[in-house]
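**Q**
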Amino acid sequence: MLNHRIEGGLRGTTLVLIHPLGGDLTFWSDLGLGAVAPGGSVAVDLAGAGASALGDRPATIARHAEDLSDLIDALGLGRVVAVGCAIGSMTAAALAARRPDRVAGLVLANAVASTIPSARAMLAARADAVARDGMAAVLPGAVERAFLDQPQDDRYRRYYERFAAQDAIGYAASIRGILDADIRTELAALACPTLVVTGGRDVLLPPERGREVADLVPGARYETFPEAAHFLPYQTPNRFRTLLADFLAEIDRAGPQAGDHKGTAIDGRPQAGDHRQAITGG
Numbered sequence: 001m002l003n004h005r006i007e008g009g010l011r012g013t014t015l016v017l018i019h020p021l022g023g024d025l026t027f028w029s030d031l032g033l034g035a036v037a038p039g040g041s042v043a044v045d046l047a048g049a050g051a052s053a054l055g056d057r058p059a060t061i062a063r064h065a066e067d068l069s070d071l072i073d074a075l076g077l078g079r080v081v082a083v084g085c086a087i088g089s090m091t092a093a094a095l096a097a098r099r100p101d102r103v104a105g106l107v108l109a110n111a112v113a114s115t116i117p118s119a120r121a122m123l124a125a126r127a128d129a130v131a132r133d134g135m136a137a138v139l140p141g142a143v144e145r146a147f148l149d150q151p152q153d154d155r156y157r158r159y160y161e162r163f164a165a166q167d168a169i170g171y172a173a174s175i176r177g178i179l180d181a182d183i184r185t186e187l188a189a190l191a192c193p194t195l196v197v198t199g200g201r202d203v204l205l206p207p208e209r210g211r212e213v214a215d216l217v218p219g220a221r222y223e224t225f226p227e228a229a230h231f232l233p234y235q236t237p238n239r240f241r242t243l244l245a246d247f248l249a250e251i252d253r254a255g256p257q258a259g260d261h262k263g264t265a266i267d268g269r270p271q272a273g274d275h276r277q278a279i280t281g282g
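For the sequence shown, the UniProt record's numbering gives the first residue as 1, with consecutive numbering after it.
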């Protein structure tokens, strides 16, 4: 099972928080979601990140979505809203396509639909360098580009330190797992409410990449934070929390239809109906 951190009683609609490449569950620590997520939240370490083992399977988007699906079942969660950043947004969307019976909504920050060829070579070289020489091989540039025009304050330094301290083999495997990532088919098949948010100063996944995602998802809502860079939930936590609260309220007003229906997953596996387990809290 993935390493995870639970906040709240896990009653009602629960947030599932999915970090970006190079991050871990602490990425979400400063958001203060208690007031906006009465159903609680579950922040995860994806395979090969944080305290989650890499295992012997490739760290692909499909593998991450399967791991999250298993975690949702193990925790007995009912309706969830999956919140992902950057590569985490790809995993969130893949999870929604896999589990339409559970995912009631999506929030895709710094979103992207596929790994474009021009990025593939750069990422492959980064994975090779890290596997050979450790995390120092990509520092400080990897963090500086993600925080373009952002204050280099205590929060920046904390992120830098966590990034530098992560397991290099796990990070390299995580990169290699997304070299051929492409979720455009999954995005076009989504039926749940979806919010796509981009950072105006994101040079790694610029706003046009998020716009592509929003155009693919039927009925998606699109927003841009002009002042934010590559990790907008971390870099603009107050504004992101407010937007998230508004989106959750919209889902609640829409009623229980999303995440409570029978359906067919994008991989063709039939999904059961509403078989939620009792939640005991914690």
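Ideal Cβ placement from N, Cα and C applies to all residues, glycine included. Given the structure is predicted, the values throughout are model-derived calculations rather than measurements.
Name the residue from Glu186, Ala49, Leu248 whose alpha carbon lies nearest to the alpha carbon of Gly23.
**A** The count along the sequence shown starts at 1 and reaches residue 23 at position 23. That would be Ala49, whose Cα lies nearest to the Cα of Gly23.
**Q** In the DSSP output, what is Asp182 paired with across the bridge?
**A** Position 182 of the sequence shown, counted from the start, is the residue given in the question as residue 182. Looking at the DSSP assignment, Asp182 forms a beta bridge with Ser114.
**Q** Does the segment 149-161 touch the segment 102-110, meaning 3 or more C-beta pairs lie closer than 8 Å?
**A** Output reads no: the segment 149-161 does not touch the segment 102-110.
**Q** Write down the C-beta distance between Val80 and Ile72 rounded to the nearest angstrom, noting that I regard them as a contact closer than 8 Å.
**A** To locate residue 80, count along the sequence shown from 1; it is residue 80. To locate residue 72, count along the sequence shown from 1; it is residue 72. With 8 Å as the limit, Val80 and Ile72 qualify as a contact, their Cβ atoms being about 6 Å apart.
**Q** Do you know how far the Cα of Ala35 is from the Cα of Gly8?
**A** Within the sequence shown, numbered from 1, the residue matching residue 8 stands at position 8. Within the sequence shown, numbered from 1, the residue matching residue 35 stands at position 35. Looking at the two C-alpha atoms, the distance is approximately 10 Å.
**Q** Reducing DSSP to helix, strand and coil, say where Glu227 ends up.
**A** Here residue 227 corresponds to residue number 227 of the sequence shown, with the count starting at 1. It is coil, neither helix nor strand.
**Q** Take Asp70 and list the residues in its own chain whose beta-carbon comes closer than 6 Å to its own, dropping the five residues that flank it on each side.
**A** In the sequence shown, residue 70 corresponds to position 70, counting from 1. Excluding sequence neighbours, Asp70 sits near nothing in its chain.
**Q** Measure the CB-CB distance between Ala92 and Ile178 and report whether it falls below 8 Å.
**A** On the sequence shown, position 92 is the one that residue 92 refers to. On the sequence shown, position 178 is the one that residue 178 refers to. Cβ distance not < 8 Å, so Ala92 and Ile178 don't count as in contact.
**Q** Between the segment 176-194 and the segment 208-226, can you find at least three pairs of beta-carbon atoms closer than 8 Å?
**A** Taking 8 Å as the limit for Cβ pairs, the verdict is that the segment 176-194 does touch the segment 208-226.
**Q** Per DSSP, Ser41 forms a beta bridge with which residues?
**A** Position 41 of the sequence shown holds residue 41. In the DSSP output, where bridge partners are listed per residue, Ser41 has Glu7, Leu15.
**Q** Restricting to Cα atoms, I'd like to know which of Arg209, Asp149, Arg176 is closest to Arg63.
**A** Position 63 of the sequence shown, counted from the start, is the residue given in the question as residue 63. With distances taken between Cα atoms, Arg63 lies closest to Arg176.
**Q** Nearest CA to the CA of Leu205: which residue from Glu227, Ala124, Ala142, Val112?
**A** Residue 205 sits at position 205 when you count from the first residue of the sequence shown. Per the Cα distances, Val112.
**Q** Report buried or exposed for Met90, applying the criterion of at least 16 other Cβ atoms within 10 angstroms of its Cβ.
**A** Residue numbering aside, residue 90 sits at position 90 when the sequence shown is read from its first letter. Buried, because 16 or more other Cβ atoms sit within 10 Å of the Cβ of Met90.
**Q** DSSP three-state label for Met1, please.
**A** Here residue 1 corresponds to residue number 1 of the sequence shown, with the count starting at 1. Coil.
**Q** Indicate the three-state DSSP secondary structure (helix, strand or coil) for Pro20 in the structure shown.
**A** Counted from its first residue, the sequence shown places residue 20 at position 20. In the structure shown, Pro20 sits in coil (DSSP, three-state: anything other than H, G, I, E or B).
**Q** Please classify Gly84: does DSSP put it in a helix, a strand, or coil?
**A** Within the sequence shown, the letter at position 84 stands for residue 84. Strand at Gly84.
**Q** So, under 8 Å CB-CB, Leu139 and Ala164 are touching, yes? Tell me the CB distance rounded to an integer number of Å.
**A** Looking up residue 139 in the sequence shown gives position 139. Looking up residue 164 in the sequence shown gives position 164. With a Cβ gap of about 6 Å, Leu139 and Ala164 count as contacting.
**Q** Output the distance between the C-alpha atoms of Thr224 and Leu123, rounded to the nearest integer angstrom.
**A** Position 224 of the sequence shown, counted from the start, is the residue given in the question as residue 224. Position 123 of the sequence shown, counted from the start, is the residue given in the question as residue 123. For Thr224 and Leu123, the distance between alpha carbons rounds to 26 Å.
**Q** Does the beta-carbon of Thr280 have 16 or more other beta-carbons within 10 angstroms, so that it is buried, or is it exposed?
**A** Reading the sequence shown from its first residue, position 280 is the one you call residue 280. Here the model assigns Thr280 a pLDDT of 23, short of 50, so the residue's position is not dependable, and the following value carries that caveat. Burial call: exposed.
**Q** What are the start and end residues of the beta strand (DSSP E) that includes Leu106?
**A** For this step, residue 106 is matched to residue 106 along the sequence shown. Looking at the DSSP string, the run of the beta strand (DSSP E) that includes Leu106 is 103-109.
**Q** For His261, which of helix, strand or coil comes out of DSSP?
**A** Residue 261 sits at position 261 when you count from the first residue of the sequence shown. Because the pLDDT at His261 is just 42, under 50, the model does not fix this residue reliably, and the point stays unresolved.
**Q** For Thr14, is the classification buried or exposed, using 16 other Cβ atoms within 10 angstroms of its Cβ as the cut-off for buried?
**A** By 1-based counting over the sequence shown, the position of residue 14 is 14. Classification for Thr14: buried.
**Q** Could you tell me the distance, in whole angstroms, from the CA atom of Ala191 to the CA atom of Ala220?
**A** Here residue 191 refers to the residue found at position 191 of the sequence shown. Here residue 220 refers to the residue found at position 220 of the sequence shown. Computed Cα separation, rounded: 10 Å.
**Q** Three-state secondary structure (DSSP) at Arg201?
**A** On the sequence shown, position 201 is the one that residue 201 refers to. Three-state result, Arg201: coil.
**Q** By the three-class DSSP mapping on this structure, what secondary structure does Arg239 have?
**A** The residue you call residue 239 lines up with position 239 of the sequence shown. In this structure, Arg239 counts as helix in the three-state DSSP scheme.
**Q** In this structure, what does DSSP give as the bridge partners for Leu95?
**A** Position 95 of the sequence shown holds residue 95. Answer by DSSP bridge pairing: none, since Leu95 is not bridged.
**Q** Ala137 and Ala129: beta carbons closer than 8 Å?
**A** Position 137 of the sequence shown, counting from 1, holds the residue named residue 137. Position 129 of the sequence shown, counting from 1, holds the residue named residue 129. Yes, they are a contact pair.
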